[in-house]
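Beneath this line is the structure, given in structure tokens, with notes to follow.
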Amino acid sequence: DSFAMILNESALKVMKFKDPLGKIVKDNGKEFHIVGVIKDFILTNPYEPTKPMLISGAGSEFLQTMLIKFNDNSSTAANLNKAEKIFKTYNTQYPFEYKFVDQEYELKFDNEKRTGKLASIFAFLTIFISCLGLFGLATYMAENRIKEIGVRKVLGASVPGITMLLSKDFLILVFISLVIASPIAWYLMYNWLQDFPYRVNIQWWVFVLAGVLSILIALLTVSYESIKASLANPVKSLRTE
């Protein structure tokens, strides 16, 4: 319909139409009647709210761009050939050029993807270095308490009990770190998401999952030295006493 027009939700709010279907809109001296309303979608800048948009029919002499949804039953090449024929029917003065929406959206969020990859790499390095430090500290504490462990074993302490005794202090430190880091992480994530008009909500279970993983990583890191110390022969550790 060459004299039909579709509005997005932002345009509908500006025009304040309660029942927009059939209403007349003037554009460049022509009258268009509204035939539908579509949801807002990101067309240009993803960091700005969607602007009011009027989409007119294909009968306009100013037609230079078409938005097309391809038929999944046909190949991409066949769909492009059909689109080119339709485009040249209405506009023979311009060459046919096309872009894919998914590729354009990927370019719009290219900086975020690059930042995400860098953050993942540095997070992995941070966790690795932290585990090395935690492992070294666990080794040092186990060696300093080797005689205490020997006495406890002679008095009947079990391997799980000694392992938990050596790991408890580290787990307390990890828990305190989580209590301090979680509000800071939430604040930074919240501020970063404010740059996007369309954004997800920060879910509480993300911090719970991060906390559980942190405790598991810390537990696995210190468990080796803790179990090794608890399995050691107490006679060797008490021989000098």
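Here the sequence shown is numbered in my numbering, starting from -19 and rising by one per residue. Yeah, the Cβ is synthetic: ideal placement off N, Cα and C, and Gly gets one too.
What are the residues that DSSP puts in a beta bridge with L34? Along the sequence shown, read from residue 1 onward, the residue named residue 34 stands at position 54. In the DSSP output, where bridge partners are listed per residue, L34 has L(-13).
Closest Cα partner of Y204 within the set I18, L114, K10 and Y170: If you number the sequence shown from 1, residue 204 lands on position 224. With distances taken between Cα atoms, Y204 lies closest to L114.
Return the CA-CA distance between P32 and D20, expressed in angstroms with no decimal places. If you number the sequence shown from 1, residue 32 lands on position 52. If you number the sequence shown from 1, residue 20 lands on position 40. Going by the C-alpha atoms only, they are around 9 Å apart.
I want to check one thing, is the minimum distance from the CB of F115 to the heavy atoms of the ligand NAP below 6 Å? For the ligand NAP, the structure offers nothing, since it holds no ligand at all.
Assign P0 to one of two classes, buried (16 or more other C-beta atoms within 10 Å of its C-beta) or exposed (fewer than that). By 1-based counting over the sequence shown, the position of residue 0 is 20. With 16 or more other Cβ atoms within 10 Å, it is buried.
State the beta-bridge partners of K133 as determined by DSSP. Here residue 133 refers to the residue found at position 153 of the sequence shown. Answer is none; K133 lacks a bridge partner.
Measuring alpha carbon to alpha carbon, tell me which of L34, S(-10) and P29 ends up nearest E11. As a working note, residue 11 is residue 31 in the sequence shown. When only C-alpha atoms are compared, the closest one is L34.
How many Å lie between T56 and K(-2) at the Cα? As a first step, residue 56 must be located in the sequence shown, where it is residue number 76. As a first step, residue -2 must be located in the sequence shown, where it is residue number 18. Approximately 40 Å between the Cα atoms of the pair.
Using only the alpha-carbon positions, how far apart do I107 and S194 sit? The residue labelled residue 107 in the question sits at position 127 within the sequence shown. The residue labelled residue 194 in the question sits at position 214 within the sequence shown. Answer to the nearest angstrom: the Cα atoms are 9 Å apart.
Whole-angstrom Cβ separation of N(-12) and T30, contact assumed at under 8 Å? On the sequence shown, position 8 is the one that residue -12 refers to. On the sequence shown, position 50 is the one that residue 30 refers to. Going by Cβ atoms, the distance from N(-12) to T30 rounds to 7 Å, so yes, they are a contact pair.
Is it right to say F80 is buried, meaning 16 or more other beta carbons lie within 10 angstroms of its own, or is it exposed? If you number the sequence shown from 1, residue 80 lands on position 100. When all chains shown are included, F80 counts as exposed.
Start-to-end residues for the alpha helix (DSSP H) that takes in I197: Translated into the one-based positions of the sequence shown, residue 197 becomes position 217. Here the alpha helix (DSSP H) through I197 covers W184 to L211.
In angstroms with no decimal places, state the Cα-to-Cα distance between W172 and I182. By one-based count along the sequence shown, residue 172 stands at place 192. By one-based count along the sequence shown, residue 182 stands at place 202. C-alpha separation (whole angstroms): 11 Å.
Please classify G141: does DSSP put it in a helix, a strand, or coil? Position 161 of the sequence shown, counted from the first residue, corresponds to residue 141. Helix.
Could you pull the DSSP bridge partners for I4 from this structure? Here residue 4 refers to the residue found at position 24 when the sequence shown is read from its first residue. Paired residues: H13.
Among F76, V134, V159 and A212, which residue has its Cα nearest to the Cα of F187? Mapped onto the sequence shown, residue 187 falls at position 207. For the residues F76, V134, V159 and A212, the minimum Cα distance to F187 belongs to V159.
Taking the straight line between their C-alpha atoms, what separation do you get for K65 and V180? Looking up residue 65 in the sequence shown gives position 85. Looking up residue 180 in the sequence shown gives position 200. Cα-Cα distance, rounded: 40 Å.
When you compare only the Cα positions, how much space is there between P163 and F150? Within the sequence shown, the letter at position 183 stands for residue 163. Within the sequence shown, the letter at position 170 stands for residue 150. When rounded, the distance between both Cα atoms is 21 Å.
How is I160 classed by DSSP in three states: helix, strand or coil? For this step, residue 160 is matched to residue 180 along the sequence shown. Here I160 sits in helix by DSSP.
F67 versus F76 - alpha carbon distance: Position 87 of the sequence shown, counting from 1, holds the residue named residue 67. Position 96 of the sequence shown, counting from 1, holds the residue named residue 76. Each residue's alpha carbon lies about 7 Å from the other.
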